[in-house]
Each structure stands twice: as structure tokens, then as C-alpha cells.
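Residue numbers (the numbering used here): 22 to 64. All C-beta atoms in this analysis are idealised placements derived from N, C-alpha and C, irrespective of residue type, glycine included. Here the structure is laid out as C-alpha cells; the discussion comes afterwards.
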Amino acid sequence: IFGYGAYCSTKFALRGLAETLAMELKPYNIFVTLSLPPDTDTP
């Protein structure tokens, strides 16, 4: 989608960070949750 390069790349970076933290912290019974709401049209 044109114009979404920065938006999509930062969303993917957050997902990658969350997945990595989830794997690293699992042995300590610490769980990671990431919420990625969709973009919203505003007036």
C-alpha cells in the first residue's frame, strides 16, 4: 500500500520485539502481549 512503508515497518518491528521478548522471558513465567489495533480513519 503506497505511503505505508514507515507504518508497516514499525508495526513489524514491534511484533518482532514482542515475539523475541516472549521467547526470552518464557523460562521466568513472564508473558508478553502485543495489541496491534488497525489504523482508524479520523476526520
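Selection from the options that minimises the alpha carbon distance to residue i
| i | options | result |
| --- | --- | --- |
| Lys-69 | Asp-62, Thr-61, Leu-55 and Thr-63 | The structure shown does not extend to residue 69, since the chain spans only 22 to 64, so no value can be given for it. |
| Ile-51 | Thr-41, Gly-24, Leu-57 and Pro-59 | Thr-41 |
| Pro-59 | Lys-47, Gly-37 and Cys-29 | Cys-29 |
Cβ pair residue i, residue j closer than 8 Å
| i | j | result |
| --- | --- | --- |
| Ala-34 | Val-53 | no |
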